[in-house]
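Chemist: For reference, the structure I am asking about is given below.
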Amino acid sequence: MNKFNFQAMTKHGFLIIPKTLLQQQIENPHLQEGEIEALLKILMKVNYSETLYNDRCNKNCPCKRGESLFSYRDWSRVLHWSTGKTFRFMHGLATRGIIEIIPHPNNTSLHIRVVEYDKWVGLPDAGKQKKKAVNEKFQLFWNEYHSITQLPKENIAKAQREWKKLSDKEQQLAIDNIEVYYFHQTNVNFLLHAGSYLSNKAFLNEYTY
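If you read the sequence shown in full-length UniProt numbering, its first letter stands for residue 1, the second for the next number, and so on.
This is the structure:
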């Protein structure tokens, strides 16, 4: 047997199993031997990327990331179970909301989708990533604006509200044009605070040279 090399194995990614789910499985007196392993096999066998299948009626059937078009018989071979036990297990997962069974009229294929597949394989939530990027860009603006203008960092809530109203292009212009705005002010006592700079869209001011 090859020596276990954790570092090398991490190159192929992870499966993320919630501790609560494992605890429920361990404490469940009705747990059938091998069900945790069966769930892991399903997570490993579903599509990592979208695939186009050709069904028995010669129709193309897209099978997306996190989905599978194995039959019950195919899954029974993977899990080393009877077809009946495989059927009950799959429907049990569907009842608990771990997978969805996608019906296909006039097609007996078992089409399953793992719910929240990206979270099972450790990919970050896209919405959270976008929000993080927006927050980081605002922080860049906030620090840059006060570094150049030397104004006190006040009323950040207003500035954040105004920042969210701007398009991506406007946000970038707001950062890029801070120096231009600052150096065209003849009286520093009338410099706009960050929130007003954004709400007035002073970064779009045109100056004559």
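All C-beta atoms in this analysis are idealised placements derived from N, C-alpha and C, irrespective of residue type, glycine included.
Treat the numbers as computed from the prediction; the structure is a model and nothing was measured.
For G195, collect the residues of the same chain with a Cβ closer than 6 Å to its Cβ; drop the 5 residues on either side in sequence, then sort them by chain order.
Modeler: N155, K158, A159 and E162, listed in sequence order.
Chemist: Between which two residues does the alpha helix (DSSP H) harbouring H91 extend?
Modeler: Run containing H91: T83 to T95, per the alpha helix (DSSP H) assignment.
Chemist: For A38, I'd like the list of residues in its chain whose CB is within less than 8 Å of its CB, leaving aside the five on either flank, ordered along the chain.
Modeler: For A38, where only same-chain residues beyond five positions count, the Cβ hits under 8 Å are L79, W81 and F89.
Chemist: Does the Cβ of Y197 have 16 or more other Cβ atoms within 10 Å, making it buried, or fewer, making it exposed?
Modeler: Y197 comes out buried.
Chemist: Work out the CA separation of I148 and I99 for me, nearest whole Å.
Modeler: Spanning the two alpha carbons is a distance of roughly 53 Å.
Chemist: Rounded to a whole number of angstroms, what is the C-alpha to C-alpha distance between N189 and W142?
Modeler: Cα-Cα distance, rounded: 19 Å.
Chemist: Apart from the five residues on each side of it in sequence, which residues of its chain come closer than 7 Å, Cβ to Cβ, to L52?
Modeler: N60 and P62.
Chemist: Rounded to the nearest angstrom, what separates L110 and K19 at their Cα positions?
Modeler: Straight-line Cα distance between these residues: approximately 29 Å.
Chemist: Are Y207 and I178 touching if we call contact CB-CB under 7 Å?
Modeler: Taking 7 Å as the Cβ cut-off, Y207 and I178 do not qualify as a contacting pair.
Chemist: Which word fits G66, buried or exposed, when buried means at least 16 other C-beta atoms lie within 10 angstroms of its C-beta?
Modeler: When all chains shown are included, G66 counts as buried.
Chemist: Within this structure, are the beta carbons of A202 and Y181 separated by less than 7 Å?
Modeler: It is a contact, given that the beta carbons lie within the stated cut-off.
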